[in-house]
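The next block holds one structure in the form of structure tokens; read it before the comments.
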Amino acid sequence: MFNFVHKHKQIIQLILAVMFIPFMFSGVSNLTTMDFNGDVVAKIGKQSITKAVFEQNFNQYKDKVRAQMGDKFSEADFDTFEQRTAFLNEMVDEYTVSEAVQSEHLTVSDAQLVSALLKDPIVSRDAQGNIDRAKYEALLKQNHLTEAQYESSVRNRLSTGLIEQVSGSGFNLQPLQQAAIGDVLTQVRLVEIKPIDLTPYMAKITVGSDKVDAYYQSHAAQFTKTESFDVDYVVIPVLPANYVPNDVDIKSAFGGTPTAEEINKVKKDPALIKDVLAKTALAKMEAVAKDIDATSAKAPQDLAAIASRFGGKIESAKNVTRTGDDALPELLKSADVRLALITGTQVVGKAISSPVKLNDTSLIVGRVSKQTPAGLLPLADVQAEIEKTLKQESVVAQARGDAQKQIASMAASTSIGTPVAVGPLLNSNLNRSTVAQVLALGAKDVPKLLVSDDASSVSIVRVIGEDPSKPASDKFVGLKPALQQWGGISGALQQRAYLNVLRERLGVKLYPEHLGGTEKSKA
């Protein structure tokens, strides 16, 4: 599900935009620093949150956190401008829903109220199942509430639930909104694409040292690196490949004196055999590790000798950092393994590390072949990369300019290639901005010629028009299940979007400069 969301992030944003089209043009800012009143920290419709009310609620929240954290609570770390702003936004959301309840006239009947009170676990009932009036009144008194105050809060909570159901209802949309989403996502245009050959431009363009220096200086952050290491490593199996546990291994793994029948049962069970292999390897691991250390002591940098002697293969990884990253080989993603290879006195001498356990049946050793200290990389190390980048940018810019001149003298009615379909859910060789341009053209504007480019290519695009081959409903067989898959997590996304819409409609304004907080005062 989340892979779908990541892959179709732009589509989801598009869906949310379509859902709330009626409110997209209200032009009211959610956040403003325009001075209103020093005593007001937020204004929501007809309601205001005063600084005193905010302080009271924030202090109550702070007291709860302090009680939960005990001695670990730090006033300085907690009472910051950022924390206050986040809490204010939560209060504003509550006020926003409350205001929406009133403006939408979402009322709760007495019957609904009684039903809710009877379901409330803190409200006691008598033998007949009715509310125990004496205990109910005692409960209210204990919490310093009147009956009207508590019942009002319950009514408000029930009404708020209605708003939340509306805002988190997945694809329970109005027909007009459903049609709009369907139209947007299934829109397809036919285009012809003529790639521009960039090879001739590459031969013409040279990059001067002054441009390289200027790029290096202006992109210093890009070339500032954390300490990194190039590492060669070998995975060493403790047991030979395809090792089959024998009776002695099985007896050692499980102890006791198993019968021949029990041993045969273990041999036929893959899970038990795997357990035997792990225990057998563990028993031999220390001896193999000592043997590796003894071998590397004779030739501290000869990793090939270790690989040959113990049956491993040398592999390499570049730019390994202490913190690691997703680009690392899977074997080096373990912090224990990674740090064992790049930490220690052996690093300076580029010597072989002591072996460390990789998994139940293998050890790993390695040596650092290159250490790059933290800081700005020398220009010499990145010069080739900069020259390649600048040359590519110049090539694309020149080719784009020439293509623009070329289409000025071309007839849009003349074919330039094989028609292909482009659309929001279709893969194509065009970048997103070009696809958006193509889809934005009206029927009267086609055929039309455009120039499309990205970091490494330039193309002339001829927009033909709608795809007449299929009706819109048949274009995307997988669209409905895809939307349903997204609908599984749409509640939270739509609820946040709905609250933002309500803020716009109610003209919500926040005045964070009135909040205070330690970070604010430091500034």
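Numbering of the sequence shown is given in numbering that gives the first Met the number 0, commencing with residue 0 and proceeding in unit increments.
C-beta: ideal position from N, C-alpha, C; glycine also.
Secondary structure at residue 272: helix, using DSSP grouped into helix, strand and coil.
DSSP places residue 236 within a strand segment (E or B) once states are collapsed to three. Inter-residue distance for residue 338 and residue 227 is about 12 Å (C-alpha atoms, whole angstroms). In this structure, residue 362 lies away from residue 330, with their beta-carbon atoms at least 8 Å apart. The alpha-carbon separation between residue 379 and residue 390 amounts to approximately 17 Å.
Runs of the beta strand (DSSP E) lying entirely within the stretch 241 to 305, each at least 3 residues long, are absent. Between the alpha carbons of residue 317 and residue 249 lies a distance of about 41 Å. With the rule of 3 Cβ pairs closer than 8 Å, the stretch 393 to 411 counts as touching the stretch 450 to 460. Taking the C-beta atoms as reference points, residue 41 is found no nearer than 8 Å to residue 505. Pairing residue 459 with residue 405 gives a Cβ-Cβ distance under 8 Å.
In the DSSP assignment, residue 405 falls within the alpha helix (DSSP H) that extends over 378 to 407. Take residue 442, set aside five residues on each side of it, and the residues of its chain with a beta-carbon closer than 8 Å to its own are 464, 465, in chain order.
Boundaries of the alpha helix (DSSP H) around residue 132: 132 to 141.
Non-local beta-carbon contacts of residue 311 in its own chain, meaning distances under 8 Å to residues more than five positions away in sequence, involve 233, 234, 235, 236, 305 in chain order. Judged by DSSP secondary structure, residue 452 falls within the beta strand (DSSP E) whose first and last residues are 447 to 452. With contacts defined by Cβ atoms closer than 8 Å, residue 276 and residue 360 form a contacting pair. Taking C-alpha positions only, residue 251 is separated from residue 279 by approximately 8 Å. Counting the other CB atoms within 10 Å of its CB gives residue 354 a total of 16 or more, which places it among the buried residues. With respect to the 8 Å criterion, residue 269 and residue 350 are not classified as neighbours on the basis of their beta carbons. Counting only residues of its own chain and dropping the five nearest sequence neighbours on each side, residue 47 has a CB closer than 6 Å to the CB of 39. Here residue 440 is near residue 462, since their CB atoms are less than 8 Å apart.
Cβ-Cβ separation between residue 334 and residue 343: approximately 15 Å, too far for a contact (criterion under 8 Å). Residue 415 and residue 374 have their C-alpha atoms roughly 50 Å apart. Buried is the label assigned to residue 231, since at least 16 other Cβ atoms lie within 10 Å of its Cβ.
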